[in-house]
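The opening residue of the sequence shown carries number 79 in our numbering; numbering runs sequentially from there. Backbone N, C-alpha and C fix where the C-beta goes; we use that ideal spot for every residue, glycine too. Nothing here was measured: the structure is a model prediction, and the numbers come from that model.
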Amino acid sequence: MRHLFIWAVIGMSTGCSAADSIPGAIDSEQGKIDVTVVTEGLNSPWSLAFLPDGRMLVTERPGKLRIVAADGTAGEPIKGVPSVHAQGQGGLLDVVLDPKFAENRTIFLSYAASGRNGAHTAVMRAVLDGDQLTDKKIIFRQDPPLDNGFHFGSRLAFAPDGLLYVTLGERNQYRDKAQELDNSIGKVVRIDRDGKTPESNPFRGKGRANDAVFSYGHRNPQGAAIHPATGQLWVHEHGPMGGDEINVIEAGSNYGWPVVTYGREYSGGDIGEGSEKEGMAPPLYYWVPSIAPSGMAFLTDERAGPWQGDLFVGSLKFALLVRLELENGKVVHEERLLAGMNDRVRDVRAGPDGALYVLTESKGRILRLMPKPAGD
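Given below as structure tokens:
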């Protein structure tokens, strides 16, 4: 019953319906929030990344990569994007810029790729040269390829030391592989920008373990963000029926799936051995019932006003945005925003202007959210 205790302690509130208030303003616990539509009509957008000039790179799951201008104009698809396995939950997934993008114009893409015996998550490094990708190199492939279209992950996040984290799902019916170290199923891996595994990786050189594995016991992590103060990776992942989790990732830690979980089988049956077990890291926070989280961002810019320091998570299931207040590295309060807009939130990013940008799936929109100054 631990989840009942958590709900009671931190509380939860829900913002007003946004169905008729986009564009415009919505009410939140922190005052009025300006909401504007930057663009719409994208085809199942999955991720966005800001270019230094304020334009946005946007992935569309069927396999297109576009640049969206600050005024919302979406350009033609970028040439040279890899072929993707756009079946089930697969397709073109995350995009991030190299930390030295201003010097080398390099980006990284994660995507579901077809393999000899099925499909797997792959990561490509490429140079963005005008309207095309050049100097392309696949730097990582999830192993082994599996024959289904579920639970690919996958988010990318660069740590302050320049190493790249890749979150990887356990491909649904292959859940037990998440507890095995000789593969990259249900894992967070850490590699350098060339795909090599750092010597400091926790399982490097240890028996049959996959050198790239940084943490294990994950289900389907579709949110990743670097904590702005600690530099640690925070990840959220889908539970089954309930039990979505936020985890603070420690090197070599086991996050329990499918041995421990706060969720249940979709049939209603139990999973594993309960919700806690010695040697398995408990979640920082979790949701029962499930919200189906996707996308996650810390908002740190002082221009965000009362939202500065908060963590934001999208919800696919309830088509809304979750705002989480943090104190001493713990979640102390939750607010739900944009409820009623009937448009699943797929990604959440902090913008260079201090605003929060929300990528929605079915209507293909980029929304810009900015708290109004006090007194407005």
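Check: Unbroken alpha helix (DSSP H) run spanning A180, endpoints; Outcome: F179 to N182
Check: Closest Cα partner of S122 within the set G321, L170, V205 and D379; Outcome: L170
Check: E356, buried or exposed, once every other Cβ within 10 Å from all chains shown has been counted against 16; Outcome: exposed
Check: Buried or exposed (CB count within 10 angstroms, at least 16 for buried), V194; Outcome: Looking at the sequence provided, one finds Arg at residue 194 rather than Val. Exposed: under 16 other Cβ atoms inside 10 Å.
Check: Simplified DSSP assignment, three categories, for D383; Outcome: Reading off the sequence shown, one finds Gly at residue 383, where the question assumed Asp. If DSSP states are grouped into helix, strand and coil, G383 belongs with the helices.
Check: The segment 327 to 341 in contact with the segment 393 to 404 per 3-pair CB rule at 8 Å; Outcome: no
Check: Proximity to K441 [Cα-Cα], best of G432, V423 and M358; Outcome: V423
Check: Residue of G166, Q300, V205 and A180 minimising C-alpha distance to P160; Outcome: V205
Check: Buried or exposed (CB count within 10 angstroms, at least 16 for buried), K255; Outcome: buried
Check: Contact under 7 Å by Cβ, M419 with A433; Outcome: no
Check: Alpha-carbon to alpha-carbon, G429 and A290; Outcome: 31 Å
Check: Length of the line joining the Cα atoms of I217 and K274; Outcome: 8 Å
Check: Cutoff 6 Å; reference V146; Cβ partners in own chain excluding five residues on either side; Outcome: T117, M134, V136 and A152
Check: For S278: DSSP bridge partner residues; Outcome: Answer by DSSP bridge pairing: none, since S278 is not bridged.
Check: Cβ-based neighbour list, N182, same chain, cut-off 8 Å, excluding 5 preceding and 5 following; Outcome: D176 and V205
Check: D348 - DSSP class collapsed to helix/strand/coil; Outcome: coil
Check: Delimiting residues of the beta strand (DSSP E) encompassing D322; Outcome: D322 to V326
Check: Which listed residue (L234, Y435 and R297) has its alpha carbon closest to that of V391; Outcome: Y435
Check: Cα-Cα separation, E323 to Y243; Outcome: 18 Å
Check: S232 to G247 span [Cα, whole Å]; Outcome: 7 Å
Check: Alpha-carbon to alpha-carbon, P222 and I263; Outcome: 8 Å
Check: Alpha-carbon to alpha-carbon, L143 and A127; Outcome: 11 Å
Check: Sequence-distant residues of the same chain with beta carbon closer than 6 Å to S99, five excluded per side; Outcome: Confidence at S99 is low in this model, with a pLDDT of 47, below 50, so the placement of that residue should be treated as unreliable; the coordinate-derived value is given next. Here the set comprises nothing.
Check: Proximity of L224 and Y252 at Cβ, strictly below 7 Å; Outcome: yes
Check: Of the residues G321, L120, V337 and G240, the one placed nearest L311, counting alpha carbons only; Outcome: G240
Check: Buried/exposed call for R139, threshold 16 Cβ in 10 Å; Outcome: buried
Check: Euclidean distance between Cα positions of A180 and S372; Outcome: 28 Å
Check: Environment of V410 [buried if 16+ CB atoms lie within 10 Å]; Outcome: exposed
Check: Assigned secondary structure, Q300 (DSSP; H/G/I helix, E/B strand, else coil); Outcome: strand
Check: Extent of the continuous beta strand (DSSP E) to which V313 belongs; Outcome: L311 to H316
Check: Extent of the continuous beta strand (DSSP E) to which R414 belongs; Outcome: K408 to L415
Check: Spatially closest choice to D213 from D272, D260 and R249, by CA coordinates; Outcome: D272
Check: Sequence-distant residues of its chain with Cβ nearer than 8 Å to A200 (five each side left out); Outcome: P160, S188, Y189, A190, A191, I216, F218, R219 and Q220
Check: A329, DSSP secondary structure in three states; Outcome: coil
Check: Beta-carbon gap between N332 and M358 smaller than 7 Å; Outcome: yes
Check: Endpoints, the beta strand (DSSP E) within which H198 is located; Outcome: G196 to D207
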